[in-house]
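Chains as they are written, first to last, in our numbering: chain A, 1 to 255; chain B, 1001 to 1594.
Down below is the structure, laid out as structure tokens.
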């Protein structure tokens, strides 16, 4: 039986009067790539930030690798890696220095961290830029550095917010392969994306959030059953569930 | 149903320069209006009051200049200082030269930002507008604020001169025309200089260096002024005035193009039509030509500037690739002992903060300020020889004795003052300086206590080093006794720890992570409160340290008792302030950045 590495129970978050997330319940198991989809402003990033302990929920809770993020944040964070939607990294550190700093934050042994840094720099084709400060990096290079930083300590849980935005096809493919490999090694990968093709091809299960509510969760086949559209693509299901079908019609007219 | 929509059906590309410039300026105006409209009511009231205040200030300057310049015509003044006509003739040249150089220097930084670091250049250059119009509007945007500021000071003086000399209407009209043309020429020249510099250095680095130099120069100038004033007499001799007037006459030489503007304008005002019209026309042609040339050259240089930057970047990268690929760039900073004492996360944060502060010149300029202040005030202190100023001699003897005793610990006070300035920045902004990168710390398995400890050490260690350096240097220079220096050292070490604790706690409570420029980071009202509290803590704690010492002297007890009691009490207060405020803030740190 698969172990749930991310457990979200009755999670709600409000910013003043506005409810960003409403009673979300979700589990992501070991060895699973979970795609988290939703229109802009649906609550994806808020959910991700709560999973990572960057925001505190209004009600409900999250357990990461068995640890409650509210009461055991250090253990939960030690087991997880995070790639934000905007890779804000210390501009005046070099790529290598940043990874070394992350190694310290996650308490890696110096020699082990050194080996891991070399490995990740090679993997992400960043060796040539490793000694340059991050302010000279392109968006894609920063994105890759952020992912390398998230992988430094080989986390059990990897949470990614729009990881492929701004990446060239080669890097995007590399990230997809890495995520798949991590899942095969027993990690839980939780990723939000707007690219439905990525979600359809990569993810074992998909959750769709709309206006703060988790409106559908399941494998592609389960989602098709839910929407009662035989053989439908994820795009059709997504638009049907999130009320974007009318917009799709307008787009068709404009073609 | 399908609709046939032709591509770019609504687009009407414009190739005319002035309509395109007008369009771009309207866009800027719209943005300004929108920011005013969406500002808070208090900010709106502040802006309106500010504008009214500036108008009143301008009016006052105008009246003052008029009166002063009328006074300069007075025969009694001429009797004392000689012919003031030299000064009056040089006024327009002085103002216009200051105007040109002021616009040139200030526009450089503004244009660097506007042309290379603002996000809208690609958008504007991709639009169907003449490239020249984009540069024109950028130059105008860069010039306008400084033009307003310089005109606020220059225009009243020039109008005051016109009224006091009874110049005709053409003078008053052409003052503005020439100011505008000089400003545009200076901005054009600044634009070209920016593009030249960017061909060699990356724009971001140039901005950092400019910020650093600007901060250092302004601090050095202001404090050197204090130093000079402290050591000079207030009266000016007749010889000094004559020599100053002689220099002005040399400066107003007819061979310098910048003097043509002022000379032409005065001749125009006096009704000397030939030199007046000739020199004014020449000035307008030269400034207009310079501006137009700048626009034309900028069109070419802007693109080669970008290309140059990319080549430089690649070259650097290739060199670095050859230099090292696998060797770890991180020096082993911490010896084994430190590794055992401090967890890796704390050491990592300390190392990271030191690297970032050292590499970002904008941070560095803030950190060097205490050093400059320390040196200048140190020199001033040494020049007094440890004696309090006598004043008017009416202070009672006991008061002067107390001040004298206090000044015998001047080295300690100076060391703490320098430390106070540094710790305000390092501890007060300890969390804020993480900026948008704070997510990295927050998502990492680092506890609030570890973060606070790391930030405390980042603030405390350099502050302590700098303060001890000052203490040691001044103790040696003043030949202070060992016991007194040792006690001073204890005071500095502990007093700064308490100060760091208070500043860190309040700085963290008001941490702001949304800044773009490190010079604009702040810790809000809480940070200000922290500064106020340290200002209260400092005299209180010093009184606790030194009070028993003075009391021991007063009651004829051995100084050792005073040192012991002061040391114990002062240490208690200091340690309490160093430990308690950060401890109380741990829960708040867990919620930072939400």
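Each residue gets a CB set at the ideal place from its N, CA and C atoms; glycine is no exception.
Predicted, not measured: the structure shown is a model, and the values here were computed from it.
Could you name the residues of chain A that residue i contacts, counting a contact when the two beta carbons are closer than 7 Å?
| i | result |
| --- | --- |
| residue 1446(B) | 105 |
| residue 1344(B) | 104 and 107 |
| residue 1360(B) | 92 |
| residue 1348(B) | 101, 104 and 105 |
| residue 1352(B) | 90, 93 and 101 |
For residue i, which three-state DSSP category applies?
| i | result |
| --- | --- |
| residue 1592(B) | coil |
| residue 104(A) | helix |
| residue 72(A) | coil |
| residue 133(A) | strand |
| residue 236(A) | helix |
| residue 1438(B) | helix |
| residue 63(A) | strand |
| residue 214(A) | strand |
| residue 225(A) | helix |
| residue 1555(B) | coil |
| residue 1092(B) | helix |
| residue 82(A) | strand |
| residue 1446(B) | coil |
| residue 1325(B) | Because the pLDDT at residue 1325(B) is just 42, under 50, the model does not fix this residue reliably, and the value given afterwards should be weighed accordingly. DSSP places residue 1325(B) in coil when its eight states are reduced to three. |
| residue 35(A) | strand |
| residue 1040(B) | coil |
| residue 58(A) | coil |
| residue 1384(B) | helix |
Candidates the options: which alpha carbon is nearest residue i's?
| i | options | result |
| --- | --- | --- |
| residue 49(A) | 1459(B), 1465(B), 1541(B) and 1444(B) | 1444(B) |
| residue 7(A) | 55(A), 24(A) and 20(A) | 24(A) |
| residue 1413(B) | 1036(B), 1488(B) and 1481(B) | 1488(B) |
| residue 205(A) | 37(A), 64(A) and 82(A) | 37(A) |
| residue 1293(B) | 1065(B), 1043(B), 1192(B) and 1536(B) | 1192(B) |
| residue 1548(B) | 1538(B), 1559(B) and 1539(B) | 1559(B) |
| residue 1342(B) | 1251(B), 1453(B) and 1590(B) | 1453(B) |
| residue 1539(B) | 1574(B), 1562(B) and 1217(B) | 1574(B) |
| residue 194(A) | 179(A), 182(A), 164(A) and 187(A) | 164(A) |
| residue 1111(B) | 1086(B), 1092(B), 1141(B) and 1095(B) | 1141(B) |
| residue 14(A) | 133(A), 58(A) and 67(A) | 58(A) |
| residue 1492(B) | 1546(B), 1446(B), 1550(B) and 1515(B) | 1546(B) |
| residue 153(A) | 32(A), 162(A), 102(A) and 181(A) | 102(A) |
| residue 1360(B) | 1257(B), 1135(B) and 1205(B) | 1205(B) |
| residue 200(A) | 233(A), 211(A), 133(A) and 149(A) | 233(A) |
| residue 1571(B) | 1587(B), 1525(B) and 1497(B) | 1497(B) |
| residue 1213(B) | 1152(B), 1187(B), 1551(B) and 1365(B) | 1365(B) |
| residue 1593(B) | 1351(B), 1437(B) and 1070(B) | 1437(B) |
| residue 1377(B) | 1446(B), 1217(B), 1474(B) and 1357(B) | 1474(B) |
Mind listing the chain A neighbours of residue i? Cutoff is C-beta to C-beta under 8 Å, in chain order.
| i | result |
| --- | --- |
| residue 1455(B) | In chain order: nothing, as chain A lies at least about 14 Å away. |
| residue 1355(B) | 92, 93 and 97 |
| residue 1593(B) | 54 |
| residue 1204(B) | 135 |
| residue 1029(B) | Under the 8 Å cutoff, chain A gives no residues; its nearest Cβ is about 31 Å from residue 1029(B). |
Can you list the residues of chain A that residue i reaches, using a CB-CB cut of under 9 Å?
| i | result |
| --- | --- |
| residue 1586(B) | Ordered by position in chain A, no residue passes the 9 Å Cβ test against residue 1586(B), which lies about 12 Å from the chain. |
Chain B partners of residue i, CB-CB under 7 Å?
| i | result |
| --- | --- |
| residue 77(A) | 1443, 1444 and 1445 |
| residue 82(A) | 1443 |
Give the interface partners of residue i over in chain B, defined as CB-CB distance under 9 Å, in chain order.
| i | result |
| --- | --- |
| residue 88(A) | 1435, 1436, 1437, 1438, 1439 and 1440 |
Kindly examine the ligand ADP and report whether one of its heavy atoms sits closer than 7 Å to the Cβ of residue i.
| i | result |
| --- | --- |
| residue 144(A) | By its list of ligands, the structure shown contains no ligand whatsoever, and the ligand ADP lies outside what it can speak to. |
Please compile the residues from chain B whose C-beta is within a distance smaller than 8 Å of the C-beta of residue i.
| i | result |
| --- | --- |
| residue 74(A) | 1445, 1446 and 1447 |
Quiz item: Of the residues that make up the stretch 1500-1534 of chain B, which ones have a beta carbon closer than 8 Å to any beta carbon in chain A?
Solution: none
Quiz item: Just by C-beta distance, which residues in the stretch 45-65 of chain A are closer than 8 Å to chain B?
Solution: 52, 53, 54, 55 and 56
Quiz prompt | the stretch 1035-1049 of chain B: positions lying closer than 8 Å to chain A by Cβ | solution = none
Quiz item: At which residue ranges does the stretch 129-206 of chain A contain complete alpha helix (DSSP H) runs of 4 or more residues, listed in the order of the chain?
Solution: 139-151, 169-184 and 196-202
Quiz item: Considering only residues of the stretch 1115-1202 of chain B, which uninterrupted alpha helix (DSSP H) runs meet the minimum length of 4 residues and lie entirely inside it, listed in chain order?
Solution: Entirely contained in the stretch 1115-1202 of chain B, the alpha helix (DSSP H) runs reaching 4 residues are, in chain order, 1121-1126, 1131-1165 and 1169-1200.
Practice problem: Scan the stretch 1521-1577 of chain B and note each continuous beta strand (DSSP E) run of 3 residues or more that stays entirely inside, going in chain order. | Solution: none
Quiz item: Which residues, in chain order, does the stretch 1071-1103 of chain B contribute to contact with chain A at a C-beta distance below 8 Å?
Solution: none
Quiz item: Which runs of the alpha helix (DSSP H), 4 residues or longer, sit entirely within the stretch 1462-1518 of chain B?
Solution: 1482-1509
Exercise. Any chance you could list the alpha helix (DSSP H) runs of at least 4 consecutive residues sitting entirely within the stretch 1239-1302 of chain B, in chain order?
Key: 1257-1270
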